[in-house]
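Colleague: Protein chains in written order, with this note's numbering: chain A, 146 to 428; chain B, 1070 to 1308; chain C, 9 to 293.
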Amino acid sequence: MTKRFSKPTEDPLWLKLLLGAVAISFIGVLLLLPLALVFTEALAKGLVTFWYAMIEPDSLAAVRLSLIAAGIAVPLNTVFGVAAAWCIAKFDFTGKTFLVTLIDLPFSVSPVVAGLIYVLVFGMQGWFGPWLADHDIHILFALPGIVLATIFVTFPFVARELIPLMVDQGRDEEEAAATLGATGLQTFLRVTLPNIKWGLLYGVLLCNARALGEFGAVSVVSGHIRGVTNTMPLHVQLLYDNYDYAGAFAVAALLAMLALVTLALKTLLEWRYADELAASHRH
Amino acid sequence: MSLAVDSITKKFRRFPALNGVSLVAPQGAFVSLLGPSGSGKTTLLRILGGLEFADSGSVRFADLNWLDMPARTRNAGFVFQQYALFKHMTVADNIAFGLNVRPRARRPSKSAIAARVTELLALVQLPGLEERYPSQLSGGQRQRVALARALAIEPRMLLLDEPFGALDAKVRKELRADLRRIHDHAGVTTVFVTHDQEEAFAVADLVAVMKDGRIEQYGAPTDVRRNPRTEFVSDFLAA
Amino acid sequence: MSAIGLKLSMPQKKRKSRHVLPGFRLSLGFTLFYLASLVLVPLLALVIRPMELGPFGFWSVISTPRVLASLRLSFGVALAAAVVDSVFGLIIAWVLVRYRFPGKGLLDAVIDLPFALPTAVAGIALSALYAPNGWIGSLLIGYGIRIAYTPWGVLVAMVFISLPFTVRTVQPVMSELGLEVEEASATLGATRLQTIARVVMPMLAPAVLTGMAMAFARAAGEYGSIIFIAGNIPAVSEIAPLLIITKLEQYDYAGAAAIGVVMLAASFVMLLALNGLQSWAAKRR
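1. What's the gap between the Cα of residue 278 of chain C and the Cα of residue 223 of chain C?
2. If we cut at 7 Å on Cβ distances, does residue 257 of chain C have a partner in chain A?
3. Should residue 1279 of chain B be labelled buried (16 or more other beta-carbon atoms within 10 Å of its own) or exposed?
4. Measuring from the CB of residue 274 of chain C, is there a heavy atom of the ligand SAM at a distance below 6 Å?
5. What are the residues in the stretch 194 to 225 of chain C lying within 9 Å of chain B by C-beta distance?
6. Quick one: what's residue 1077 of chain B bridged to in DSSP?
7. For residue 153 of chain A, return the contacting residues in chain B, with the cut-off set at a CB-CB distance below 8 Å.
8. Using a Cβ-Cβ cutoff of less than 8 Å, which residues in the same chain neighbour residue 1151 of chain B once the five nearest sequence positions on both sides are dropped?
9. So the candidates are A:182, A:353, A:257; which of them puts its Cα closest to the Cα of residue 252 of chain C?
10. State the DSSP-derived secondary structure class of residue 151 of chain C, mapped to helix, strand or coil.
11. In whole angstroms, give me the CA-to-CA distance for residue 1219 of chain B and residue 1076 of chain B.
12. Should the stretch 80 to 94 of chain C be regarded as contacting the stretch 226 to 242 of chain C, the criterion being three or more beta carbon pairs within less than 8 Å?
13. Rounded to the nearest angstrom, what separates residue 178 of chain A and residue 270 of chain C at their Cα positions?
14. Leaving out five residues before and five after residue 1104 of chain B in sequence, what residues of the same chain have Cβ atoms less than 7 Å from its Cβ?
15. Taking 8 Å as the threshold, find out whether the stretch 343 to 358 of chain A comes into contact with the stretch 404 to 417 of chain A through three or more Cβ pairs.
16. Applying the criterion that 16 or more other CB atoms from any shown protein chain within 10 Å of the CB defines a buried residue, is residue 309 of chain A buried or exposed?
17. Go ahead and pull the three-state DSSP assignment for residue 278 of chain A.
18. In whole angstroms, give me the CA-to-CA distance for residue 1224 of chain B and residue 167 of chain C.
19. Can you tell me the Cα-Cα spacing of residue 260 of chain A and residue 203 of chain C, whole angstroms?
20. Using DSSP bridges, identify the partner residues of residue 1101 of chain B.
21. For residue 93 of chain C, would you say it is in contact with chain A, using Cβ-to-Cβ distances shorter than 7 Å as the test?
22. Once you ignore the five residues that flank residue 302 of chain A on each side, which residues in its own chain have a CB closer than 6 Å to its CB?
23. Excluding the five sequence neighbours on either side, which residues of its own chain have a C-beta within less than 8 Å of the C-beta of residue 131 of chain C, listed in chain order?
24. For a test of the three-state rule: what should DSSP assign to residue 466 of chain A, helix, strand or coil?
25. Near residue 78 of chain C, which residues of its chain fall below 7 Å by C-beta distance, leaving aside the five closest residues on each side in sequence?
26. If contact is defined by three or more beta carbon pairs under 8 Å, each pair taking one atom from either stretch, is the stretch 1112 to 1122 of chain B in contact with the stretch 172 to 186 of chain C?
27. Among A:211, A:344, A:156, A:333, which one has its Cα closest to the Cα of residue 363 of chain A?
28. Could you spell out where the alpha helix (DSSP H) holding residue 1210 of chain B opens and where it closes?
29. Determine whether the beta carbon atoms of residue 318 of chain A and residue 336 of chain A lie at a separation below 7 Å.
30. For residue 164 of chain A, name the three-state secondary structure that DSSP assigns.
31. Secondary structure at residue 1148 of chain B, three-state DSSP: helix, strand or coil?
32. Taking the alpha helix (DSSP H) that residue 94 of chain C falls in, what are its first and last residues?
33. Helix, strand or coil for residue 1137 of chain B per DSSP?
34. Suppose the cutoff is 7 Å on Cβ atoms and the five residues either side in sequence are ignored; what does the same chain contact list for residue 1113 of chain B look like?
35. Please list the segments of the beta strand (DSSP E) lying wholly inside the stretch 189 to 263 of chain A, counting only runs of 3 or more residues, in order along the chain.
36. Would you call residue 209 of chain C buried or exposed, if buried means 16 or more other Cβ atoms sit within 10 Å of its Cβ?
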């Protein structure tokens, strides 16, 4: 018995080859080529130049600033994410959908607008500008401003991950713990946290990646002072604009490696812990 | 125009789903393939429908080498356990689908199609539901629409894959009786897969009891019940 | 004695929370405080600031040729990018869901690259790639095609940044579709093309539209991956976010806020449209 035609749900071979070729070349040209270019250019002048570009004082300062900003923003956003998910998943109250929409807001706002709003509040022509200047407090063009902008663009990540997960998991276990006499904190630490740990990790991972890589919002509030208020992405821009391509791509390569590690960890988590991650991830 | 299935085998990777299955049924017969899950009954049905390919063996029906034809030319109406209705189309469009996709030469006029839809809805006892969407129907209603849809193409063979499996007992009994009535009215050769022996025996002219890819016994319901040929058959019927 | 039992037997001085689980006031309070101080208040500043221009002043700022051109560029090219991404996203999702080939998992993971890669990195990479002396730019310059420093560069960057949205919205819907409806269609006599056109595509339509809307929203507001490749010539290849920054540097806070409000309003409309789409799709199921 020979089959001379394909199954009714299979595409004919020519179509498969065509679509496959289109998909692969599109992804290759659009996504992979730029990535390849980053690493190629970073190492174009050899490993030694690459190394010196990395340990150059302004580069190191940028790395340090990025890490500090993320180091403040990510934990704060994690606490927020947990709090928001807790009250949304474990309780009923009016305005819940509005709250969830509000949490999603930064995703629909341009990063430049995200920076702009803090300038409008803290800038010299903003609401608190003169008062801050009088008291010699620097929010903009300094770490606090950068942290604020970073917090704004990254706070949904942990919350968005935990909310559907915790809603999905329900309240039974926590209610059982309550009837057994556990305090809120005990319930959270011993019952909830183990259940959400992979979702939490996933959210923190994405939050962190975005925090380190954020450009637009931070660009508006930073002031671009070389070696002082430049995060890694801003430093990349500075070097590139000054035609220091080796330097720019060196720092860019570092950021790209971070992105690849994030992608790898993300894929790993999705693959192994599909059930424990939010329902939205189950393909 | 009888159905002659001859020595069909089918393997999925290493798993032998069908190990040489043969049967003959006269034109217009109502055949039931009965057996536990894994017995190969659904695989055989899907091969008859053109949704799977046999590794070896042949099928002759209506003087045609059945397996040499792709699914869409066989004109074999297929009814799925989960209905497989087109959710984005109305009931009328679902039923008319097989007629609407015909090449212009063979396509009836719009009014003829509409008339046929109304006729079929009456036949499956769902008059007036043309403009509803599947999501607005109950399970039993959806299956009736699926049946009407399969009948719309005036099939030469009707294939049903555990069509009442997702429905409750009362609805099952009703649909079972309606199916038999429609079969008798249309005179179409029907192959009906089920794991429920009461159902098979109530509705079929010929029953094939299957196990592990083979037909253990094949014959009229009363014969099979009175003279079970193997231990498996008598155990299965006693259960 | 259970915690609840204790609560019930204690004399109630003031109306206690009727919630079973603890921590409601604390978690909701903190959440609202965080949102209010970080999101709502600053957004309020954005909405209030342009008011000092008055409606006439607001309109004159927005309708200057430079501002209009930047808005047209940001939104117009974003729409084009969303359409391109929807088409290719559909094809890519189809290949990922329906076909089997070695390395598919890797290809699937790569789709998220624009999500994960910092926009500045994408920006300089795309700029270097499509510049006249870049790997791709140098190939095209022979045919007189310039990408970098033109609106085409903006398009390429937007297509890059928005691709994951179109693929990832369609993919799960496609896998959930299952094969039965296609089998049913075939047994009813439809050719493969008819099945795809009449059965599969309409079922995917809501997801495709949702993906397109999300792609548009993201591309319209994008900054980092575009400014390096764009050229940034006022009224030609200057995107709206860049104009906002330029106005800030000139201390024209009100003007910058005006443009920001327009962009925010557009995002809002997008959000509403998306929600509308979701409920329409839900009704058809």
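Idealized CB from N, CA, C, for every residue including glycine.
Modeller: Result, derived from the coordinates:
1. Straight-line Cα distance between these residues: approximately 11 Å.
2. No, its Cβ sits nowhere closer than 7 Å to a Cβ of chain A.
3. It counts as buried.
4. The model on display carries no ligand, and the ligand SAM is accordingly not part of it.
5. The stretch 194 to 225 of chain C vs chain B, Cβ under 9 Å: 194, 195, 196, 197, 198, 199, 200, 202, 203, 206, 207, 210, 211, 213.
6. B:1090.
7. Near residue 153 of chain A (Cβ distances below 8 Å), the residues of chain B are 1119, 1120, 1139, 1140, 1141.
8. The residues are 1235.
9. The residue with the shortest Cα to Cα distance from residue 252 of chain C is A:257.
10. Here residue 151 of chain C sits in coil by DSSP.
11. So the two alpha carbons sit approximately 28 Å from each other.
12. Taking one beta carbon from each stretch, the stretch 80 to 94 of chain C and the stretch 226 to 242 of chain C have 3 or more pairs nearer than 8 Å; the two touch.
13. Residue 178 of chain A and residue 270 of chain C have their C-alpha atoms roughly 35 Å apart.
14. The beta carbon of residue 1104 of chain B sits closer than 7 Å to those of 1110, 1264, 1278, 1279, 1280, all from its chain and outside the five residues before and after it, given in chain order.
15. Three or more beta-carbon pairs separated by less than 8 Å link the stretch 343 to 358 of chain A to the stretch 404 to 417 of chain A, which places the two stretches in contact.
16. Per the 10 Å Cβ criterion, buried.
17. In the structure shown, residue 278 of chain A sits in a helix (DSSP, three-state: H, G or I).
18. In this structure, the CA atom of residue 1224 of chain B is about 48 Å from the CA atom of residue 167 of chain C.
19. Those two C-alpha atoms are separated by around 49 Å.
20. Residue 1101 of chain B is bridged to B:1261, B:1276.
21. No Cβ of chain A is located within less than 7 Å of the beta carbon of residue 93 of chain C.
22. Excluding its 5 nearest sequence neighbours in each direction, residue 302 of chain A has C-beta neighbours in its own chain below 6 Å: 348, 351, 352, listed in chain order.
23. If we look at residue 131 of chain C and ignore the five residues flanking it on each side, its Cβ neighbours are 165, 232, 233, 234, 235, 236, 237.
24. What the structure shows of chain A is the stretch from 146 to 428, and residue 466 of chain A is not part of that stretch, so it cannot be assessed.
25. The answer, listed in chain order, is 246, 247, 248, 251.
26. The stretch 172 to 186 of chain C vs the stretch 1112 to 1122 of chain B: no contact.
27. Nearest option by C-alpha distance: A:211.
28. 1208 to 1221 is the extent of the alpha helix (DSSP H) around residue 1210 of chain B.
29. In contact: residue 318 of chain A and residue 336 of chain A (Cβ atoms closer than 7 Å).
30. Residue state, collapsed to three classes: helix.
31. Here residue 1148 of chain B sits in strand by DSSP.
32. Looking at the DSSP string, the run of the alpha helix (DSSP H) that includes residue 94 of chain C is 73 to 106.
33. Helix at residue 1137 of chain B.
34. Excluding its 5 nearest sequence neighbours in each direction, residue 1113 of chain B has C-beta neighbours in its own chain below 7 Å: 1077, 1087, 1090, 1102, listed in chain order.
35. None, since the stretch 189 to 263 of chain A contains no complete beta strand (DSSP E) of that length.
36. With fewer than 16 Cβ atoms within 10 Å of its Cβ, residue 209 of chain C is classed as exposed.
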